[in-house]
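Counting with our numbering, you get residues 1210 to 1529 for the letters of the sequence shown.
Okay, so here's the structure we're looking at.
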Amino acid sequence: MPTQKQLYKTILSKIKKYPKIVVFRHQIPDFDALGTQWGLVTWLKDNFPKKVIHAVGKDQGFFRDDLYPKMDIIEDDFFDSNTLAIVVDTANTARIDDARYDKAAEVVKIDHHPNLEPYGQTVLVDTTTCAASELIMVMIQSFGRRYKLSQQAAVYFFSGIAGDSGRFMYSSTSPQTFAIAKRLLETGINANRDVYLKMYEKTLQDLNVTAHILSNYKVSEKGVAYYILSYQDQVNLGIVSQRGKDNVNLFANIKDVHIWCSISEDKENNVWRVSIRSKLVSINDVARTFEGGGHPQASGAKLPSISDLPSLITALENLL
Ligand code: AMP
């Protein structure tokens, strides 16, 4: 088994070798998926200006336009023996947002989720890092100061770390997380102006969604809190299903609530998407039994029908 340091070197040699690089991330991206993807793409362009570098995946349109660029559109014939695919923040191939990663000459996986599916020729996984952005920054730092870190790359990586650590609040936040944040801020970026204002801006309409949830949530006997946003609720509230989980952490600091979930109907895919969070117990094994997965304290799952919800709540209650 190669050490982390050997893997960093291997990845750098692959980056140097290939003239074309495409960076992938998971479907329905969050701040860490997009922050890591655009951070890496920016860092690659800054340091290897002769290479052709792209970021792919569906445009979601639910983040502020000035936080991340529009995704690149590339033709199938871009992928050939000169193309390297780097997939970030994605545990399994089914979740990669663009199946053409396997048309590249080589695939590098860089992730911080449990390594249940070690796809690709090079696999760099570190579940001790709070965000994929933290892991990539650790790797970049190992390359030494001859590689530059621009403010733009730093903004993207900072957004990934802030997103997945809950602004340095979750237990995954470590001394290394702060050390990387220090390095990013040393580029001269302003965390509030350049990152937080763009990530966390809310509208009055968002407040209405929160008000609806606060009037309709439920808590099970042992302390599993949850709210349901059906397609009709989403239409009434003026949101898309991907935004349904935005309020899940309303329940994070509530006494006697140990696990909390959002359940949002995804009519387009005929499924109910669940975001599960927990104070202390690990919920990712239960998430896996409901077509999902993730981290011990933050996982996602899918229900084919809302009638499956009681069995999920029971499975979560059984953890308590
Ligand atoms: P979410 O609730 O969508 O914010 O996801 C929480 C964490 O679980 C993230 O790290 C996701 O990457 C992961 N996750 C969400 N849905 C799934 C899924 N269906 N399969 C595997 N991991 C997932």
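Quick reminder that beta carbons are idealized off the backbone N, C-alpha and C, glycines included.
Treat the numbers as computed from the prediction; the structure is a model and nothing was measured.
Query raised in the report: Relative to the C-alpha of I1224, which residue among D1239, A1294 and D1285 is closest?
Result: Within the sequence shown, residue 1224 is the residue found at index 15, counting from 1. Answer by Cα proximity: A1294.
Query - Beta carbon of N1279 nearer than 7 Å to that of D1289 - result: Taking the first residue of the sequence shown as 1, we reach residue 1279 at position 70. Taking the first residue of the sequence shown as 1, we reach residue 1289 at position 80. Note on identity: in this sequence residue 1279 is Lys, with Asn being the wrong assignment. No, the pair does not count as a contact, with Cβ atoms beyond the cut-off.
Query raised in the report: Is the distance from the Cβ of T1419 to the Cβ of Q1360 below 7 Å?
Result: Position 210 of the sequence shown, counted from the first residue, corresponds to residue 1419. Position 151 of the sequence shown, counted from the first residue, corresponds to residue 1360. No, Cβ-Cβ distance for T1419 and Q1360 is not below 7 Å.
Query raised in the report: In the segment 1237-1324, which residue ranges form an unbroken beta strand (DSSP E) of at least 3 residues, counting only runs that do not cross its ends?
Result: 1261-1264, 1292-1297 and 1315-1320
Query raised in the report: Per DSSP, H1421 forms a beta bridge with which residues?
Result: Taking the first residue of the sequence shown as position 1, residue 1421 is located at position 212. Answer is none; H1421 lacks a bridge partner.
**Report entry** Completely contained alpha helix (DSSP H) runs for the segment 1455-1519, where each covers 4 or more residues
**Finding:** 1493-1498
Requested in this report: For G1270, verify whether its CB is less than 6 Å away from any heavy atom of ligand 1.
Outcome: Numbered from 1 along the sequence shown, position 61 holds the residue referred to as residue 1270. No, since every heavy atom of ligand 1 falls outside the 6 Å radius drawn around the Cβ of G1270.
Query - Cβ shell of H1467 (< 8 Å), same chain only, five flanking positions each side left out - result: Translated into positions along the sequence shown, residue 1467 becomes position 258. Closer than 8 Å at Cβ, skipping near neighbours: K1431, G1432, V1433, S1487, K1488, L1489, V1490 and L1529.
Query raised in the report: Do T1386 and E1326 have their C-beta atoms within less than 7 Å of each other?
Result: As a first step, residue 1386 is located in the sequence shown; it is residue number 177 there, counting from the start. As a first step, residue 1326 is located in the sequence shown; it is residue number 117 there, counting from the start. Cβ atoms of T1386 and E1326: not closer than 7 Å.
Query - Inter-residue spacing [alpha-carbon to alpha-carbon] between S1450 and R1355 - result: Counted from its first residue, the sequence shown places residue 1450 at position 241. Counted from its first residue, the sequence shown places residue 1355 at position 146. Spanning the two alpha carbons is a distance of roughly 44 Å.
Query raised in the report: From R1376 to D1465, what does the alpha carbon distance come to, in whole angstroms?
Result: Against the sequence shown, residue 1376 aligns to sequence position 167. Against the sequence shown, residue 1465 aligns to sequence position 256. If you take the alpha carbons of R1376 and D1465, they lie about 23 Å apart.
Query raised in the report: Which whole runs of the alpha helix (DSSP H) in the segment 1386-1456 are 4 residues long or more, in chain order?
Result: 1406-1409, 1413-1425 and 1440-1446
Requested in this report: Please confirm whether A1363 and I1398 have their CB atoms less than 7 Å apart.
Outcome: Start at 1 with the first residue of the sequence shown, and residue 1363 comes out as number 154. Start at 1 with the first residue of the sequence shown, and residue 1398 comes out as number 189. Their beta carbons are under 7 Å apart, which means A1363 touches I1398 by this criterion.
Query - First and last residue of the uninterrupted beta strand (DSSP E) at L1333 - result: Within the sequence shown, the letter at position 124 stands for residue 1333. Run containing L1333: T1331 to V1334, per the beta strand (DSSP E) assignment.
Query raised in the report: According to the Cβ coordinates, are F1240 and G1453 closer than 7 Å?
Result: As a working mapping, residue 1240 is identified with position 31 in the sequence shown. As a working mapping, residue 1453 is identified with position 244 in the sequence shown. No.
Query - Nearest-angstrom Cβ-Cβ length linking I1564 and I1319, presumed shorter than 8 Å - result: No information on residue 1564 is available, as it lies outside the stretch 1210 to 1529 that the chain covers here.
Query raised in the report: Hey, L1249 and V1232 are a contact pair by Cβ (cut 8 Å); roughly how many whole angstroms apart?
Result: The residue given as residue 1249 occupies position 40 in the sequence shown. The residue given as residue 1232 occupies position 23 in the sequence shown. With a Cβ gap of about 5 Å, L1249 and V1232 count as contacting.
**Report entry** Sequence-distant residues of the same chain with beta carbon closer than 7 Å to G1266, five excluded per side
**Finding:** If you number the sequence shown from 1, residue 1266 lands on position 57. Here the set comprises F1233, R1234, P1238, M1280, D1306 and D1307.
**Report entry** Candidates V1334, T1336, G1369 and K1312: closest to W1247 by CA position
**Finding:** Within the sequence shown, the letter at position 38 stands for residue 1247. Ranking the options by Cα distance to W1247, first place goes to G1369.
Requested in this report: Give the DSSP bridge partners of K1229, in chain order.
Outcome: What you label residue 1229 is simply residue 20 of the sequence shown in a count that begins at 1. Partner(s): V1261 and T1292.
Query raised in the report: Under 6 Å from any heavy atom of ligand 1, does the C-beta of S1342 make it?
Result: Taking the sequence shown and counting its residues from 1, one reaches residue 1342 at position 133. False, no ligand heavy atom lies under 6 Å from that Cβ.
Report task. Closer than 5 Å is what we want: which residues have a beta carbon that near any heavy atom of ligand 1? List them in chain order. Result -> S1484, G1501, G1502, G1503, A1507, S1508 and G1509
Query raised in the report: Can you tell me the Cα-Cα spacing of V1296 and A1524, whole angstroms?
Result: On the sequence shown, residue 1296 is found 87 positions in, with the first residue counted as 1. On the sequence shown, residue 1524 is found 315 positions in, with the first residue counted as 1. If you take the alpha carbons of V1296 and A1524, they lie about 32 Å apart.
Query raised in the report: How should Y1409 be labelled, buried or exposed, when 16 other C-beta atoms within 10 angstroms of its C-beta is the threshold for buried?
Result: Counting from 1 along the sequence shown, the entry for residue 1409 is found at position 200. Classification for Y1409: exposed.
Query raised in the report: For Q1441, does the count of other Cβ atoms within 10 angstroms reach 16, so buried, or fall short, so exposed?
Result: The count along the sequence shown starts at 1 and reaches residue 1441 at position 232. Exposed, because fewer than 16 other Cβ atoms sit within 10 Å of the Cβ of Q1441.
Query raised in the report: Where does R1482 land, buried or exposed, given buried means 16+ other C-beta within 10 angstroms?
Result: On the sequence shown, residue 1482 is found 273 positions in, with the first residue counted as 1. With 16 or more Cβ atoms within 10 Å of its Cβ, R1482 is classed as buried.
Query raised in the report: Does the distance from the C-beta atom of I1422 to that of Y1436 stay below 7 Å?
Result: Walking along the sequence shown from the start, residue 1422 turns up at place 213. Walking along the sequence shown from the start, residue 1436 turns up at place 227. Closer than 7 Å, so yes.
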